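These protein sequence lines map, in sequence, to chains A and B. For what it's worth, the numbering used here labels the leading residue of the first sequence as 119, then goes sequentially. For what it's worth, the numbering used here labels the leading residue of the second sequence as 119, then goes sequentially. Structure first, commentary second.
2 protein chains.
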Amino acid sequence: MFSKACEYGIKATIYIALKSYQGQRVSLKDIASEINSPEAFTAKILQKLSRDHVINSIKGATGGFEIEKDRISSIKLSQIVNAIDGDEIYKGCGLGLATCNEHHPCPMHGKFIGVREELRYMLETTNLEELALGIKSGLTYLKV
Amino acid sequence: MFSKACEYGIKATIYIALKSYQGQRVSLKDIASEINSPEAFTAKILQKLSRDHVINSIKGATGGFEIEKDRISSIKLSQIVNAIDGDEIYKGCGLGLATCNEHHPCPMHGKFIGVREELRYMLETTNLEELALGIKSGLTYLKV
DNA sequence: TCTAATTCGGATAATTTTATCCTATTTAAT
DNA sequence: ATTAAATAGGATAAAATTATCCGAATTAGA
Numbered sequence: 119m120f121s122k123a124c125e126y127g128i129k130a131t132i133y134i135a136l137k138s139y140q141g142q143r144v145s146l147k148d149i150a151s152e153i154n155s156p157e158a159f160t161a162k163i164l165q166k167l168s169r170d171h172v173i174n175s176i177k178g179a180t181g182g183f184e185i186e187k188d189r190i191s192s193i194k195l196s197q198i199v200n201a202i203d204g205d206e207i208y209k210g211c212g213l214g215l216a217t218c219n220e221h222h223p224c225p226m227h228g229k230f231i232g233v234r235e236e237l238r239y240m241l242e243t244t245n246l247e248e249l250a251l252g253i254k255s256g257l258t259y260l261k262v
Numbered sequence: 119m120f121s122k123a124c125e126y127g128i129k130a131t132i133y134i135a136l137k138s139y140q141g142q143r144v145s146l147k148d149i150a151s152e153i154n155s156p157e158a159f160t161a162k163i164l165q166k167l168s169r170d171h172v173i174n175s176i177k178g179a180t181g182g183f184e185i186e187k188d189r190i191s192s193i194k195l196s197q198i199v200n201a202i203d204g205d206e207i208y209k210g211c212g213l214g215l216a217t218c219n220e221h222h223p224c225p226m227h228g229k230f231i232g233v234r235e236e237l238r239y240m241l242e243t244t245n246l247e248e249l250a251l252g253i254k255s256g257l258t259y260l261k262v
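And the structure:
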């Protein structure tokens with residue numbers, strides 16, 4: 119469904135949100151260990167999310183990654199997915215046709231539109247805060 | 119969402135079903151041209167579908183690919199996807215956790231379960247006949 | 001029997017995705 | 001200033017996916 123990079127990106131952002139919520143800044147090493155991802159690869163993904171202003175990166179000795187507390191609840195899953203995988207997955211044709219719409223639908227169009235719409239809605243309405251809260255309360259997990 | 123191989127596989131199977139429905143057997147060349155896919159790569163995918171008994175392949179001079187008419191309505195999209203991409207996409211965790219269930223959910227689990235379930239249901243209930251019929255009636259398209 | 005049309009399948013190549021390595025740069029603290 | 005800890009980013013490598021090439025095998029029909 120999502121690329122590995124996107125999976126890492128989502129998990130990393132949730133973890134950063136959780137820690138930011140608690141007033142803590144987190145290092146790459148910490149993130150990679152917490153979400154069980156390869157460090158250098160995760161670094162590239164965080165750079166991308168930082169350039170896209172989903173997260174903030176702070177260089178230097180006490181540097182790391184964080185998100186302003188008051189932005190956490192307004193950041194949607196779709197922004198993360200978009201920054202890494204683009205929007206093809208929740209806006210594009212299921213069979214990869216360049217143009218697929220009501221006037222020129224692929225064979226799956228009518229069947230797929232509900233799935234895609236539900237995915238789009240889920241990604242565009244789910245915010246970081248609710249995801250981080252699940253981790254905080256020990257109800258959900260980022261690894262294993 | 120689906121791999122390129124899977125997209126080709128679905129389109130190819132729909133086209134084979136359409137022609138089989140009309141009592142015609144189709145060649146690889148015909149298929150590749152009709153769904154706009156690379157011939158040799160499509161051949162590998164058709165081999166896989168053939169080994170999985172989704173389609174039949176006939177060797178030799180007047181050979182090609184076909185599906186028994188009376189099986190067309192009973193073949194589900196999920197069988198094609200399964201043969202090529204496996205079932206991870208509609209059964210696995212959205213964040214790639216090896217174990218993700220109600221007792222040990224990933225942060226997205228509760229949000230993702232609806233999407234995944236709708237995708238699973240769509241794939242498991244949509245049959246080849248309805249997809250081929252759309253093409254036959256000129257309402258849907260396999261390319262452009 | 002021969003030929004032509006076809007699928008099969010092994011080998012290889014190209015491209016994309018995933019992953020690693022290493023140096024430069026930044027910054028807080030001593 | 002110096003040092004240590006951290007991110008940035010270019011170069012490269014490994015693995016997976018997508019794509020191509022070509023000879024072997026099969027089969028209908030002349």
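Think of the CB as a built atom: it goes at the ideal place given N, C-alpha and C, for glycine as much as any other residue. These figures come from a predicted structure and were not determined experimentally.
Excluding the five sequence neighbours on either side, which residues of its own chain have a C-beta within less than 6 Å of the C-beta of E125 of chain A, listed in chain order?
none
Taking DSSP as the reference, what is the three-state secondary structure of E242 of chain B?
helix
Could you tell me the distance, in whole angstroms, from the CA atom of E186 of chain B to the CA atom of S138 of chain B?
7 Å
Please tell me whether V172 of chain B and I198 of chain B are closer than 7 Å, where the distance is taken between their beta carbons.
Yes, Cβ-Cβ distance for V172 of chain B and I198 of chain B is below 7 Å.
Which one of B:G127, B:I176, B:E206 has the shortest CA to CA distance from R238 of chain B?
B:E206
Can you tell me whether L257 of chain A is buried or exposed? The criterion is at least 16 other CB atoms within 10 Å of its CB, across all chains shown.
exposed
Give the straight-line distance between the Cα atoms of K122 of chain A and V233 of chain B, rounded to the nearest whole angstrom.
19 Å
On a CA-only basis, which of B:S155, B:A130, B:L260 is nearest S143 of chain B? Give me that one, please.
Here the sequence assigns Arg to residue 143 of chain B, which means Ser is not the residue at that position. Measuring from the Cα of R143 of chain B, the nearest candidate turns out to be B:A130.
Using a Cβ-based criterion (distance less than 6 Å to any ligand heavy atom), does A123 of chain A qualify as near the ligand GTP?
With respect to the ligand GTP, the structure offers nothing, as it holds no ligand at all.
Between which two residues does the alpha helix (DSSP H) containing F159 of chain A stretch?
Unbroken alpha helix (DSSP H) run through F159 of chain A: 157-169.
Quick check: A201 of chain A and K166 of chain A, are their CB atoms within less than 7 Å of each other?
yes
For the beta strand (DSSP E) holding I176 of chain B, just list the boundary residues, first then last.
174-176
For K162 of chain A, would you say it is in contact with chain B, using Cβ-to-Cβ distances shorter than 7 Å as the test?
no
According to DSSP, simplified to helix, strand and coil, what is N219 of chain B?
strand
Determine the direct distance from the alpha carbon of H227 of chain A to that of K194 of chain B, and round the result to whole angstroms.
16 Å
What are the partner residues of K254 of chain B, as DSSP defines its beta bridges?
The partner list for K254 of chain B (beta bridge, DSSP) is empty, contrary to what the question assumes.
What residues in the region 225-236 of chain B have a beta carbon less than 9 Å from any beta carbon of chain A?
P225, M226, H227, G228, K229, F230, G232, V233, R234, E236
Just reading off the alpha helix (DSSP H) that E186 of chain B is part of, what are its end residues?
Unbroken run through E186 of chain B: none, as it is neither H nor E.
For K229 of chain A, does the three-state DSSP call read helix, strand or coil?
The answer is helix: DSSP assigns K229 of chain A an H, G or I state.
I'd like to know if G214 of chain B contacts chain A, where contact means its C-beta is closer than 7 Å to some C-beta of that chain.
yes
Provide the residue(s) that pair with K194 of chain A in DSSP beta bridges, ordered along the chain.
A:N245
Looking at chain A, is there any beta carbon in it that lies within less than 7 Å of the beta carbon of Y139 of chain B?
Interface residue (Cβ-Cβ distance to chain A less than 7 Å): Y139 of chain B is not classified as such.
What is the DSSP secondary structure of G182 of chain A, reduced to helix, strand or coil?
strand
G127 of chain B lies in the alpha helix (DSSP H); which residues open and close that run?
122-139
Which whole-angstrom value is the C-beta distance of E247 of chain B and I190 of chain B, which I expect to be below 8 Å?
5 Å
Which residues in chain A have a C-beta closer than 9 Å to the C-beta of G181 of chain B? List them in chain order.
Going along chain A, no residue has its Cβ under 9 Å from G181 of chain B, so there is no contact; the nearest lies around 25 Å.
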